[in-house]
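Visitor:
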Amino acid sequence: MDPAIAKFYRIQDPFPMRWSDPIDEVQTTQRKGKRKTTTRFSVLQEEGLSSRIGSTAFETGVPQDEADPLGSGSTVIRTLKQKGINADENLLLRSRYLTSSKNFAPNIFLRDVHQDDTQESLLRGLDFLSRSIDQKSESLKVLVENNFDKFVAAKATIENVYKELKNRNLKKEEEWGVAPIRKPLNESSRKVQEIYGPILEDRGKEERYRALLVLLEKHRNILEIPSLLTESIKRRDYDAIVEEYQRARKWVEESRNLVPYDTVIPIESHIHQLIIAEKMWSQVEDTIENFKKDTWRKLVATKQDDNFMELIGILLELGVKDNPIWVWLLSRYDYLKNKITSSFERARIQIEVARRKAGNLPPPSEAVIAFYLKTPLRRIPTEKQPPLDTPAVVELWELQYELLNAILSPSNGIVAEIVSFWETAENFIQGKAQATLPVGIDDNSRKHHRLSSDGIRDLQKGGQELVTLLRDCMATFFHEPPVDDLSSQYSPLPPRTPNSGAATPATGQFPSSPMTLGIPKPKPGLAGEEYAFLPPNANSLGGVYYLTKIMTLLGNAGSTLGNLAIGQPGLERMKMVISGARERAVQAVCLCWHLDVQNCKLLEDWTRAGEQRDMTKMPENFLGIQSAVLGGMQKLVYLSEVKPLQDGEIIQPPSVKLLQHVRSQFVRSLYKALQGMVENSKRPLHRSDWAEESLDLASPVTHISATRLTAHTIDYTSPQIRLLLTLSNLSHLRSKIIPELLHLFEASFSVKLTEESKTITDALRQIDKQLFEEYTRPITTRLHSIVNAGIISSTWGATDKPTDASPYIYTSLLLLVTVHAQVSTSAPSLTTTIVSHLAEVLSRELRDTLAKIPKFNLGKLLQATLDTEFMAQTLGGYVTRECNDIQSAIYVGLDGKSDAAARQGLQAELGGLKSVLGELKGRSRSEFRCFRKKSAVTSGSSG
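First residue of the sequence shown? That's 1 in full-length UniProt numbering, and the numbers climb one at a time after it.
1. CB-CB under 6 Å to THR79, same chain, minus the five flanking residues each way: which ones, in chain order?
2. Between which two residues does the alpha helix (DSSP H) carrying ASP885 extend?
3. Check whether the region 845 to 859 and the region 820 to 827 are in contact - that is, three or more C-beta pairs closer than 8 Å.
4. Could you check the C-alpha separation between GLY542 and LEU674 for me, to the nearest Å?
5. Do the CB positions of LYS205 and THR99 come within less than 9 Å of each other?
6. With H, G and I counted as helix, E and B as strand and the rest as coil, what does DSSP make of LEU815?
7. Need the endpoints of the beta strand (DSSP E) that ARG613 sits in, please.
8. Just reading off the alpha helix (DSSP H) that ARG94 is part of, what are its end residues?
9. Would you say the region 805 to 815 touches the region 742 to 756, given that touching needs at least three Cβ pairs under 8 Å?
10. With distances taken from CA atoms, which of ALA392, ASN90, ARG881 is nearest GLU840?
11. Quick check on the burial criterion: 16 or more other C-beta atoms within 10 angstroms. Buried or exposed for ALA105?
12. Looking at LEU846 and ILE792, is the spacing between their C-beta atoms short of 9 Å?
13. Tell me, please, whether the region 581 to 589 touches the region 599 to 612 by the rule of three or more beta-carbon pairs shorter than 8 Å.
14. Got a sec? Which residues, its chain only, sit under 8 Å from HIS594 by beta carbon, not counting five neighbours each side?
15. What do you reckon, are the CB atoms on ALA248 and ILE233 nearer than 9 Å?
16. Let me check one thing: in DSSP terms, what residues is ARG608 bridge-paired to?
17. Rounded to the nearest angstrom, what separates LEU129 and LEU140 at their Cα positions?
18. Is it right to say ALA827 is buried, meaning 16 or more other beta carbons lie within 10 angstroms of its own, or is it exposed?
19. State the beta-bridge partners of PHE856 as determined by DSSP.
20. Grouping DSSP H, G and I as helix and E and B as strand, with all else coil, what is LEU70?
21. Kindly indicate which residue of LEU591, SER559, LEU258, GLU217 has the alpha-carbon position closest to the one of VAL544.
22. Report the three-state DSSP secondary structure of GLY462 (helix, strand or coil).
23. Pick out whichever of PRO391, THR375, ALA370 has its Cα sitting closest to the Cα of LYS357.
24. For GLU426, which residues of its own chain have a beta-carbon under 6 Å away from its beta-carbon, when the five flanking residues on both sides are left out?
25. Could you please give the first and the last residue of the uninterrupted alpha helix (DSSP H) stretch that includes ARG346?
26. Please report the residue range of the alpha helix (DSSP H) in which ASN405 lies.
27. When you compare the CB of ASP647 with every CB in chain D, is at least one pair closer than 9 Å?
28. Could you give the distance in angstroms between the alpha-carbon of GLN400 and the alpha-carbon of LEU741?
29. Alpha carbon to alpha carbon, how far is LEU126 from GLU231?
30. Would you kindly report the start and end of the unbroken alpha helix (DSSP H) that includes SER269?
31. Does DSSP put GLY632 in a helix, in a strand, or in coil?
32. Express the C-alpha separation of MET633 and residue 1005 in angstroms, rounding to a whole number.
33. DSSP puts LEU645 in a beta bridge; with which residues?
34. Which two residues bound the contiguous alpha helix (DSSP H) that contains ASN427?
35. Among TRP326, ARG457, LEU437, SER343, whose alpha-carbon lies nearest the alpha-carbon of PHE477?
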């Protein structure tokens, strides 16, 4: 038999055949010992009176039931029935519980009737019992005073009878002389019973009440322990809890030692103290067990930065079977594992819901696209991030960063919790954290201070699983397509792990919403639909900015976890995940970049660029966007802001494939931008009210008004002006913008773009030539018609001595004046190039048309010479070397088709011809003043 059970129930025989209560046996022995010495008045005492009255009188003296003397509100026998004790049919058993019985046993009464009472209820019963005794004492005192004479008379009679019996030497046959007085004596006894029975009964109750009161008062300090313990628990005063628990434990051990297991009869007061101590200890144990259960619940739900060490300490101090250190570590493992899974799934759902909402919105207009593409060009305070994209797209980017930051942040995310968890776990593994923990009563908790080898291995394995789980979640986020079925993600709580040794705290789940689940997917074919992290219709500026932030967050998380012991086994895999995520991010940005450069033509607003009045803001806008994207791409590719590992780098160098992808996209962006500029020159696509326009410049004068010829306005509705400004922009791109961007790319990515530079330069030349021809072709055609019609005319050269230049010369020069005016007001830097080119065209047309005349007489020879010289001297500042060569060829041709008489006549008329030429120049000085130039002119054909 268990010694603790034997000690608690005071079983002395290890194999008892019947139940025996040592306390009852001791009380019986004591009562018998006292009754061995009787007095002559024993007839009036309890035993003597009971024997004389008989069994019928005894039974009538013990009621069937009575109220609880401690004022519980119920009766004694009814309470015993509720506790499984049937005392109503057993008179002897009932007499032990009723205070009106002479056999009332206070210890049995408290043990059985009030075994479940708390300390507070016993104290209330004590107060009730004290008031009842005072009331009974007062009633008894009044009764004795009122019947005192009768009591004295009865006593005298009894004494006289006793003397007579003794003096008369009475015999047994005569019933000792009692026979004559038996009947009156019985009658007197009956009357005495009627009169003094209640008095004696009340006196017994009073004595028993007082005995119970003294017993409770004596051990008040023991009875107060459960209430003090409860109050300490309510105040969360852990020191007081331990103090009261140890005091209760000490009391019960001392009380148990007072009642030995041997045959020595214990002292009744010791038995009473033991009963009360056991009662108190039972309450204390129940309270402590409930407190332990509550503390266990708090411990498994306690976070890293809470008072988990205090809770572990109180459990070790009170003594527990399970190891609270191990339970807390396992609960933290379960908590972190569930939190990683639930947080990641919640983030995926929220991001996909926001992505679908953004994808179902109407696409941004051309004006909105242009507005956000010009963001890098706006002057905004550095501490304020300018809006890089539409509100819906920026909101989705911010949501992604916020959700991923809650997971990956090394300072306040789940990564920080993993780091803190493992640092604490290592302190427990190394025994550092246990230095401040208690060892418990009798060093019973010291065994919990050391973790087993198997436990340490399981703990390390669990930590590695947390890192692996988080790493796989990030790989899923960046590599897998968007969530297809949102309802499948609303799963119940994840199951507990097999290694879990404690209750797992509830993990918050996001409720499914019909409105959320019913959001349709964007229409198929939307750019970037294969990327779960890319907002629909996002531009490259916002994409490179936010993805760099997100990748930096991922890199820092990988570096932080890689520095932990649990992160070392999967470090290479972590590097691969980060590199793969970076590659996907770069691909997504390149996709947005490609779409943006297709919209670069929207940057053309046909306003002049500051001090450079001969071009628009388009080149500088393009430079700003490309520089911003290249700068952001460099940060995204190299992730230089990621903290390194303690013994290496978490970010691997970009692969050749990745750099080649960026390189190709950069070159494509230049071509797309040039293509957009060409499209703008033909038709400004961002104006829906602009209709298709003809590029026929046969009559350019009709498209020019006085208001369009100012240096501060641009008539962008004119195709000729758009061509001129585009040519000027291309010239600036070729000379400054493109070389600057090429140098920026080479410096950012440590590569040489030699071949790409040559290809782009050739493409620029071709585009420039194409647009130049598109502008000059109608003018060239017009010059051809004018010159050909003028020379072939029958009236040309009909005068022997011409006094004026031919009309076609004036018409051709006036056409060039118009062109000069248009170019000089729209794109001044192109004036020399275009007018010089047209001067060459005019010279060639003159040469080719004159070559069609088979023979020149003197009149035609003089007219051809006058026309050629007047044209050359009027265009003076724009006459190139090629013009001079053509003029020389014209003279050679004229000389070859003239006879000797005509040549001699020409020599004779040269003086007069010069005079006429001088007069013509003087008369036309004002009309052709625009052709004067101060500096020398070189050959400048754009081709």
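Backbone N, C-alpha and C define an ideal beta-carbon position, used for all residues, glycine too.
What you are looking at is a predicted structure, and each value in this text was computed from that prediction instead of being measured.
Guide: Here's the rundown:
1. As a first step, residue 79 must be located in the sequence shown, where it is residue number 79. Excluding positions up to five away in sequence, the list reads VAL113.
2. Locating residue 885 in the sequence shown gives position 885, where the first residue counts as 1. First-last of the alpha helix (DSSP H) with ASP885: 881 to 896.
3. no
4. As a first step, residue 542 must be located in the sequence shown, where it is residue number 542. As a first step, residue 674 must be located in the sequence shown, where it is residue number 674. Roughly 23 Å separates the two Cα atoms.
5. The sequence position of residue 205 within the sequence shown is 205, counting from 1. The sequence position of residue 99 within the sequence shown is 99, counting from 1. Contact: yes.
6. For the purposes of this step, residue 815 is taken as residue 815 along the sequence shown, with counting starting at 1. Three-state DSSP puts LEU815 in a helix.
7. Your numbering for residue 613 matches position 613 in the sequence shown. Residues 612 to 616.
8. Within the sequence shown, the letter at position 94 stands for residue 94. First-last of the alpha helix (DSSP H) with ARG94: 91 to 97.
9. no
10. Against the sequence shown, residue 840 aligns to sequence position 840. Here the closest residue by C-alpha is ARG881.
11. What you label residue 105 is simply residue 105 of the sequence shown in a count that begins at 1. ALA105 is buried by the Cβ-count criterion.
12. The sequence position of residue 792 within the sequence shown is 792, counting from 1. The sequence position of residue 846 within the sequence shown is 846, counting from 1. For ILE792 and LEU846, no; Cβs fall outside 9 Å.
13. no
14. For this step, residue 594 is matched to residue 594 along the sequence shown. Within the same chain, HIS594 has close Cβ partners GLN665, ARG668, SER669, LYS672.
15. For the purposes of this step, residue 248 is taken as residue 248 along the sequence shown, with counting starting at 1. For the purposes of this step, residue 233 is taken as residue 233 along the sequence shown, with counting starting at 1. For ALA248 and ILE233, no; Cβs fall outside 9 Å.
16. Residue numbering aside, residue 608 sits at position 608 when the sequence shown is read from its first letter. Answer is THR616, bridged to ARG608.
17. By 1-based counting over the sequence shown, the position of residue 129 is 129. By 1-based counting over the sequence shown, the position of residue 140 is 140. LEU129 and LEU140: Cα-Cα distance of roughly 16 Å.
18. For this step, residue 827 is matched to residue 827 along the sequence shown. Buried, by the Cβ-count rule.
19. Here residue 856 refers to the residue found at position 856 of the sequence shown. Its beta-bridge partners are SER898.
20. Locating residue 70 in the sequence shown gives position 70, where the first residue counts as 1. If DSSP states are grouped into helix, strand and coil, LEU70 belongs with coil.
21. Taking the sequence shown and counting its residues from 1, the one referred to as residue 544 is at position 544. Residue LEU591 is the option with its Cα nearest to VAL544.
22. Here the question's residue 462 lines up with position 462 in the sequence shown. Helix at GLY462.
23. On the sequence shown, residue 357 is found 357 positions in, with the first residue counted as 1. If we check each option's Cα against that of LYS357, PRO391 comes out closest.
24. Mapped onto the sequence shown, residue 426 falls at position 426. Within the same chain, GLU426 has no close Cβ partners at all.
25. The count along the sequence shown starts at 1 and reaches residue 346 at position 346. Run containing ARG346: 324 to 359, per the alpha helix (DSSP H) assignment.
26. Position 405 of the sequence shown, counted from the start, is the residue given in the question as residue 405. Looking at the DSSP string, the run of the alpha helix (DSSP H) that includes ASN405 is 391 to 408.
27. No chain D appears in this structure, which consists of one protein chain only.
28. On the sequence shown, residue 400 is found 400 positions in, with the first residue counted as 1. On the sequence shown, residue 741 is found 741 positions in, with the first residue counted as 1. Cα-Cα distance, rounded: 32 Å.
29. By 1-based counting over the sequence shown, the position of residue 126 is 126. By 1-based counting over the sequence shown, the position of residue 231 is 231. Rounded to the nearest angstrom, the two C-alpha atoms are 21 Å apart.
30. On the sequence shown, position 269 is the one that residue 269 refers to. Note, SER269: alpha helix (DSSP H), 268 to 300.
31. Here residue 632 refers to the residue found at position 632 when the sequence shown is read from its first residue. Here GLY632 sits in helix by DSSP.
32. Residue 1005 lies beyond the range of the chain shown here (1 to 943); nothing can be said about it.
33. Your numbering for residue 645 matches position 645 in the sequence shown. According to DSSP, LEU645 bridges with GLY648.
34. Counted from its first residue, the sequence shown places residue 427 at position 427. From DSSP, the alpha helix (DSSP H) with ASN427 extends over 414 to 430.
35. Along the sequence shown, read from residue 1 onward, the residue named residue 477 stands at position 477. The shortest Cα separation from PHE477 among TRP326, ARG457, LEU437, SER343 belongs to SER343.
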